[in-house]
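Worksheet: one structure, shown below.
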Amino acid sequence: MATDDYLVLQQAIRQRLGLDLSQYKREQMERRLRAYAQQHGYGNLDGLARALGQERPLGGELLSYLTIHVSEFFRDPDFFTRLRELVATLPQTEALKVWSAGCSIGAEAYSLAMLLLEERGLGRAHILATDIDDKSLERANAGVYREEDLKRVDHGRLQRYFVQESGQFRVREDLRRFITFRHHDLLRDPYPEQQDLILFRNVAIYFTEEAKTQVLQGFSRALAPHGLLMVGATEAILRPQEVGLRQVRPFFFARA
Ligand SMILES: C[S@@+](CC[C@H](N)C(=O)[O-])C[C@H]1O[C@@H](n2cnc3c(N)ncnc32)[C@H](O)[C@@H]1O
């Protein structure tokens with residue numbers, strides 16, 4: 000029987016990059032990998048698997064290519080309107096623990112930080128923002144954005160939270176310091192605990208159903224008793240009770 004070149008590459012990727020592609024939808028991943036192999040002169044999946052063993056820098060680049068990083072500030076503004084309403088219902092007494100899971104270039108975390116600062120003062124919240132892709136995390140940490148990433152940020156917020164530098168916008172330190180950016184793989188690393196709010200948006204699109212279930216169960220355990228999980232349209236949860244969640248409002252879930 001012929002060997003399955005995708006499975007061989009999947010194993011090389013797991014060994015070299017620690018990324019477990021068996022938890023992502025094969026069709027989309029295979030299509031992307033074949034395109035990458037061709038465009039970068041590796042020919043086919045075998046060639047790419049061999050190169051992974053030899054070319055160190057290829058690893059980070061490939062991981063970045065495989066994960067989709069499209070993001071912007073206040074992406075899907077309706078979500079942020081709903082979020083603003085619900086943040087008001089969270090306890091006022093303690094510092095909130097907030098997690099942007101799959102934060103990409105950090106736009107979601109900084110948008111959250113602005114909203115929390117305006118609603119309750121950021122001294123009373125800390126945001127953990129995590130992603131599997133280190134290149135995105137580098138950009139998030141730098142906090143420097145182009146005008147097009149900021150098209151939903153109004154003039155007042157631009158003035159208040161950013162410094163303009165050579166045609167780009169850098170997040171001010173007084174917003175930046177409430178966010179910790181960290182490498183974290185949702186499919187293998189332990190989850191933080193007692194989270195008051197978790198945002199999980201536009202991340203699970205290529206996860207298999209099993210992987211999505213595993214992640215949602217993890218979030219259910221990671222939530223504080225009154226905590227809320229907010230998901231994106233691509234993370235629809237059809238049977239929340241099966242993953243230990245209950246729906247509170249469209250796109251918002253609490254521990255069952
Ligand atoms: C399209 S971005 C979404 C960014 C942001 N949440 C938003 O809605 O704008 C998806 C992010 O999920 C990350 N991602 C994919 N698989 C992941 C995993 N197993 N663990 C953590 N992050 C992952 C990707 O690296 C990418 O940065």
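Using numbering that gives the first Met the number 0, the first residue of the sequence shown is number 0, and each one after it goes up by one. C-beta atoms are modelled at their ideal positions from N, C-alpha and C, and glycine is treated no differently.
Using the three-state DSSP reduction, which class does residue i fall into: helix, strand or coil?
i, result
"Lys-211", "helix"
"Gln-38", "helix"
"Lys-134", "helix"
"Arg-181", "strand"
"Tyr-205", "helix"
"Asp-148", "helix"
"Gly-217", "helix"
"Ile-126", "strand"
"Gly-226", "strand"
"Ser-70", "coil"
"Phe-250", "coil"
"Asp-195", "strand"
"Glu-164", "strand"
"Tyr-190", "coil"
"Ala-11", "helix"
"Ala-100", "strand"
"Arg-175", "helix"
"Leu-95", "strand"
Below 8 Å CB to CB, which residues in the same chain sit around residue i once its five sequence neighbours on both sides are set aside?
i, result
"Thr-179", "His-125, Ile-126, Leu-127, Ala-128"
"Leu-248", "Correcting the residue identity first, residue 248 is Arg in this sequence and not Leu. Contacts found: Arg-81, Leu-85."
"His-182", "Thr-129, Asp-130, Ile-131, Asp-133, Leu-136"
"Tyr-64", "Arg-31, Tyr-35"
"Arg-15", "Leu-51, Gly-52, Gly-58"
Short check: CB of residue i to CB of residue j, under 7 Å?
i, j, result
"Trp-98", "Gln-194", "yes"
"Glu-234", "Ala-203", "yes"
"Ala-255", "Gln-240", "yes"
"Leu-62", "Leu-114", "no"
"Ile-197", "Phe-168", "no"
"Leu-186", "Gln-22", "yes"
"Tyr-5", "Glu-29", "yes"
Excluding the five sequence neighbours on either side, which residues of its own chain have a C-beta within less than 6 Å of the C-beta of residue i, listed in chain order?
i, result
"Ser-135", "His-68, Ser-103, Ile-104"
"Arg-13", "Asp-19"
"Leu-244", "Ser-219, Phe-252, Ala-255"
"Val-230", "Phe-199, Phe-250"
Use the C-beta contact count for residue i: other C-beta atoms within 10 angstroms, 16 or more gives buried, fewer gives exposed.
i, result
"Lys-150", "exposed"
"Thr-66", "buried"
"Asp-132", "buried"
"Asn-43", "exposed"
"Gln-9", "buried"
"Ala-48", "buried"
"Asp-257", "The structure shown does not extend to residue 257, since the chain is modelled only from 0 to 255, so the question has no answer here."
"Asp-153", "exposed"
Using C-beta distances below 7 Å, list every residue in its chain close to residue i, excluding the 5 sequence neighbours before and after it, in chain order.
i, result
"Phe-177", "Ala-112, Leu-121, Ala-124, His-125, Ile-126"
"Lys-24", "Tyr-205, Thr-207"
"Ala-94", "Arg-123, Ala-124, His-125"
"Phe-161", "Phe-168, Arg-169, Val-170, Arg-171"
"Arg-33", "Leu-44"
"Pro-90", "His-225"
Report the option in the options whose CA atom is closest to the CA atom of residue i.
i, options, result
"Val-86", "Leu-51, Gly-142, Leu-228, Leu-16", "Leu-228"
"Tyr-205", "Leu-20, Leu-44, Asp-148", "Leu-20"
"Arg-261", "Ile-236, Tyr-144, Asp-148, Arg-83", "A question about residue 261 goes unanswered here, because the residues of the chain that appear run from 0 up to 255."
"Gly-166", "Asp-184, Arg-145, Pro-90, Leu-185", "Arg-145"
"Phe-72", "Val-214, Arg-220, Ala-139", "Ala-139"
"Ala-141", "Arg-171, Gly-155, Gln-158, Asp-153", "Arg-171"
"Val-214", "Gly-231, Pro-224, Tyr-190, Ala-223", "Tyr-190"
"Asp-45", "Val-7, Asn-201, Tyr-64", "Val-7"
"Arg-156", "Asp-188, Tyr-109, Asp-184, Arg-200", "Tyr-109"
"Asp-188", "Gly-101, Pro-90, Asp-173", "Gly-101"
"Pro-76", "Glu-107, Asp-184, Pro-56, Leu-222", "Glu-107"
"Thr-88", "Gln-246, Glu-29, His-225", "His-225"
"Gln-216", "Ala-232, Gln-27, Ile-236", "Ile-236"
"Gly-79", "Arg-238, Glu-117, Gln-91, Pro-90", "As written in the sequence, residue 79 is Phe, which differs from the Gly given in the question. Out of Arg-238, Glu-117, Gln-91, Pro-90, Glu-117 has the C-alpha closest to the C-alpha of Phe-79."
"Glu-54", "Ala-11, Lys-96, Arg-74", "Ala-11"
For residue i, verify whether its CB is less than 6 Å away from any heavy atom of ligand 2.
i, result
"His-68", "Among the ligands present in this structure, namely ligand 1, ligand 2 is not found."
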